[in-house]
Amino acid sequence: MRILRYKIVKRIETPSTLERIALMVGAVIASILISSVLIIQVNINPFIAYYELFKGAWGSKLALSETLVRFIPLSFTGIAVALAFLGRFWNIGAEGQLYLGALFATVFGISFYGVSPFVLIPIMILAGFLGGSLAALIPAVLRSKYQVDEVVTTLLLNWIILFIVEAIIYGPWRNPVSAWPESPAISVTGELPRIWKGTRLHAGLIIALLVALIYFIIYTRSYWGFEVKLMGINPKAAYVQGMDVVRNLILVALISGGIAGIAGAVELMGIHFHLRENLSLGYGYTGIVVAMLGLLHPIGVVLAAFFMATIETGSQAMYRATGIPYPLAYVIEGVTLVFVLIAVFFMEYRLEKVEEER
Amino acid sequence: MGGEDYAVYMKGIVKRFPGVVANDHIDFKLGIGEIHALLGENGAGKTTLMNILYGLYSADSGEIYIYGKKVSIKTPKDAIKNGIGMVHQHFTLVPPFTVTENVILGYEGNKPVLNMAEARKRVSELIDRYGLGLDPDAKIWQLSVGEQQKVEILKILFREAKIIILDEPTAVLTPKETQSLFEFLRKMKAEGRSIIFISHKLHEVMEISDRITVLQKGRVVGTRNTKDTNEVELARMMVGREVIFTIKKEPSKALGRIIVEVRNLWVNSDRGLPAVKGVTFSIRKGEILGIAGVSGNGQRELAEALIGLRKVDKGNILIDGLDVTNKPPKDIVSLNVAYLPEDREELGYFKDESIRSNLCSKIRYSFLKKNFFLDFRMMNQYSDTLINEFDIITPSRFNLAKNLSGGNKQRLVLARELAIKPKFLIANQPTRGLDVGATEYIRKKLLEQRDDGVAILLISEDLDEVLMLSDRVMVFYEGEIMGIFKPEEVSLDDIGLMMAGVKRMEVSA
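So the sequences go chain by chain: A and B. Residues 1 to 358, numbered by my numbering, are exactly what the first sequence covers, in order. Residues 1001 to 1509, numbered by my numbering, are exactly what the second sequence covers, in order.
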């Protein structure tokens, strides 16, 4: 009897860019198909469901603007995590860095009322960067000095920082006007201008794209990016070839944390205007998925952030139109990540037909 | 069909690996209740032979008899069923588990339910019987290496093994731990168990074994009763052979001033025990200084200390008159020091990067443009030149380094390191695992570099290679220099004695 079987073999050739893109697109399509099975389970036509989803994400001015509003923080945190992972600094702490960035920005936002936006906005963004950097600095130093695993420290710092923020907004900073557990409103001159009339889309989009562009340049063109990539692939080899890996690791952590901090500042200045405990809807964690999905590449990360924003925004509309529970969005995200990891696997391996006589 | 009087009789064992015959018609007999030492240099085929007996490899041909009965051993499970147990060089214990838990791990008794209390009782009986002084409830991570090794042996005894294989058991032990292991071995022997003891340390073999079989390059040189032989004869059997020179070496043309000076250097191993013990030597411009010696005698630690990867405990390293003791690699690399690491995969290159990036990584500073950017045009030119010059076979410079063959990877590392025009080159096992063509290429390149005036430290477990390429040779044994000499001045017998730690020589040079 002849049996047709497949065998997984290691690739000896390097897959072309086209092949890699095809694999990623395949992963996204496969995850949408798998998720369709769930939709069929609740007796709804998946085509209608996905139609509603994409209509709800892109189909109108409001829909598209809301997707972009969601895209902004995910793009920041995605790039923050991507840079960290590129240098093999496993930063799971973008969420905490985001909050500390927002906290630092709030300090200036509520104490410099009426200062010109041309001064206040840059100061608050910078404060956000510094706050995020500080949050990442502690794990980075612990890691390079004492080999403390940064996965644990960054993750636990998320909670510490969130509780500090809560302590402050439930206590000394509680909004005197509304008595809500939120900071007083930041100065109007610290608010980011709206860039699309009649929507919530704010200038944070420009900053996000600017940061993405900087990451693009670092990733593809810069000397430092080259060192970070080498260090990420093989830190020991980089060290023995004379690289200052401690300095690079701390720089990576500072910039990564800083970018996550900007996300917090921008959410504060573009959407919330008060420091709140629900400032982030898990953007720091979703950023990890975004970075992995984008394979740490700047263009990939931006596309992945947009994809995630689409799914998360569209699923709300889908829920309203069809009754499919919106947590399906998170199912799609999770399934997509699994398929992306499979796609990454097949960048190193491929299936080979084996014919066997039995 | 012979072999009834033996615990193990391996007959005509042949095992080929790509490019080498690891076991070439080996006959080996282990008597009942004897400690039998397998002696030989690295790569002599000792471990391969034992892995065949333990079912980790299968022999290409040959037969195995256990107590006179022909058996087929395909997996370690078969081996255990036949009463064979093996302790590997690297332990297979679970650190957070207790001694008892580790001992019974993987053991399939005849009852479906695990009786922990009974298991613990049996383990503590075993401990008492051999006077090991272990606590059956101690966690593995709390134990010293010597104690962990005893747990490994307990595991085997628990499975009632009659035949016990120990693969270089003393390599990780302190002298005191070694003595305590030997006591343990003698007790097991007194019970009629048969023990195979793999080693390359002559004095230990002389002390513990009843008989000794010496292997060399996959063949049996001979078997001796320990009481009828001596260290000199054994050393001769280990290394004595004609050295085949495939490369003709002229005296160095560029011999010059002293580049590297090492004074009374002490370096610790990973375990914190001294691995390099007060060595002093120097290397001149245009000279290859080779280190001969069985690996694990401090060569690796010396190389790592020289490049700045390992802390120096005492003593000094001077490169071109500059004291670089305990400087990080970046300071040492900036003096144009090149390094071919022993472990290519771990330290040699960046597997998920392109060949171009790999070739440019060491002198990346040269491609810095406007203080921020990378000069890709220069990188392309530079890497294409090196790909041509070093015959690196690849479809393009953009291919990932991990997709290269072993020989090409070493060419890549060599190209990267030599292209910096080094002053000093540390080559640790530069041809290990390479085929004949690549080996010869690398050796020629090393000689070429020497004639260009590079000071080279060559560390190799291939004695022929060391003798073939070096202008001077020093022999390492347990972290000490047993002698420094010109290769043509000393007989192979003497080198063998030095490698085995029997003889110390002061020769000119």
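Where is the CB? At the ideal position from N, CA and C, for every residue including glycine.
- For the region 227 to 259 of chain A, the beta-carbon criterion of a distance under 8 angstroms to any beta-carbon of chain B is satisfied by 227, 229, 230, 233, 234, 236, 237, 238, 239, 240, 241, 242, 243, 244.
- In this structure the region 284 to 297 of chain A does not touch the region 164 to 180 of chain A; the number of beta carbon pairs closer than 8 angstroms is below three.
- With the criterion set as a beta carbon lying under 8 angstroms from some beta carbon of chain A, the region 1196 to 1207 of chain B has no members that meet it.
- A/302 is the residue among A/199, A/240, A/181, A/302 whose C-alpha sits nearest the C-alpha of residue 83 of chain A.
- Residue 70 of chain A and residue 48 of chain A have their C-alpha atoms some 23 angstroms from each other.
- When beta bridges are read from the DSSP output, residue 1274 of chain B appears opposite B/1268.
- Under the Cβ criterion of 9 angstroms, residue 1162 of chain B is not counted among the residues facing chain A.
- Residue 310 of chain A sits away from residue 62 of chain A, with the two beta carbons spaced by 9 angstroms or more.
- Residues of chain A with a Cβ closer than 7 angstroms to the Cβ of residue 1408 of chain B do not exist, since the nearest Cβ in that chain sits about 12 angstroms away.
- Of all residues in the region 1431 to 1442 of chain B, none comes within less than 9 angstroms of chain A when Cβ atoms are compared.
- Assignment of residue 1338 of chain B by DSSP, reduced to helix, strand and coil, places it in the strand class.
- Pairing residue 1007 of chain B with residue 1080 of chain B gives a Cβ-Cβ distance that is not under 9 angstroms.
- Residue B/1274 holds the alpha-carbon nearest to the alpha-carbon of residue 1174 of chain B among B/1052, B/1404, B/1274, B/1039.
- Here residue 1485 of chain B is bridged, per DSSP, to B/1473.
- Contact note: residue 1357 of chain B reaches chain A through 226, 229, 230, using a C-beta cutoff of 8 angstroms and chain order.
- Within chain A, no C-beta atom comes nearer than 8 angstroms to that of residue 1169 of chain B; the closest sits roughly 29 angstroms away.
- Shown in chain order are the members of the region 2 to 19 of chain A whose Cβ falls below 8 angstroms from a Cβ of chain B: 11, 12, 13, 14.
- Proximity of the region 1102 to 1119 of chain B to the region 1188 to 1208 of chain B falls short of the contact definition, fewer than three beta-carbon pairs being nearer than 8 angstroms.
- If you draw a straight line from the Cα of residue 1373 of chain B to the Cα of residue 223 of chain A, it is about 5 angstroms long.
- Taking C-alpha positions only, residue 1468 of chain B is separated from residue 1248 of chain B by approximately 8 angstroms.
- Rounded to the nearest angstrom, the gap between the Cα atoms of residue 1394 of chain B and residue 1268 of chain B is 40 angstroms.
- At a cut-off of 9 angstroms between C-beta atoms, residue 88 of chain A does not count as an interface residue with respect to chain B.
- If only uninterrupted alpha helix (DSSP H) runs of at least 4 residues are considered, those enclosed by the region 1414 to 1467 of chain B are 1436 to 1451.
- With respect to the 9 angstroms criterion, residue 1339 of chain B and residue 1425 of chain B are classified as neighbours on the basis of their beta carbons.
- Where residue 1063 of chain B is concerned, the enclosing beta strand (DSSP E) starts and stops at 1061 to 1066.
- The C-beta separation of residue 96 of chain A from residue 262 of chain A comes to about 14 angstroms, leaving the pair out of contact by the 8 angstroms criterion.
- Around residue 280 of chain A, no beta-carbon contact reaches into chain B at under 7 angstroms, the shortest distance being about 32 angstroms.
- The beta carbons of residue 1344 of chain B and residue 1444 of chain B sit no closer together than 9 angstroms.
- Using a Cβ distance threshold of 9 angstroms, residue 1196 of chain B and residue 1030 of chain B count as a contacting pair.
- Within 9 angstroms of the CB of residue 144 of chain A, no CB atom of chain B is found; the nearest one sits about 13 angstroms away.
- The beta carbon of residue 1363 of chain B sits closer than 6 angstroms to the beta carbons of 1420 from its chain, once the five residues preceding and following it are set aside; these are given in chain order.
- Burial is judged here by how many other beta carbons sit within 10 angstroms of a residue's own beta carbon; residue 1302 of chain B has at least 16 and is buried.
- Under the Cβ distance rule, residue 222 of chain A counts among the residues neighbouring chain B, one pair being separated by less than 9 angstroms.
- Three or more beta-carbon pairs drawn from the region 1136 to 1148 of chain B and the region 1094 to 1102 of chain B are found closer than 8 angstroms, and the two stretches are therefore classed as touching.
- For residue 1378 of chain B, the CB contacts under 6 angstroms within the same chain, skipping 5 residues up- and downstream, are 1367 in chain order.
- For a cut-off of 8 angstroms, the C-beta gap from residue 1060 of chain B to residue 1015 of chain B is around 6 angstroms, short enough to register as a contact.
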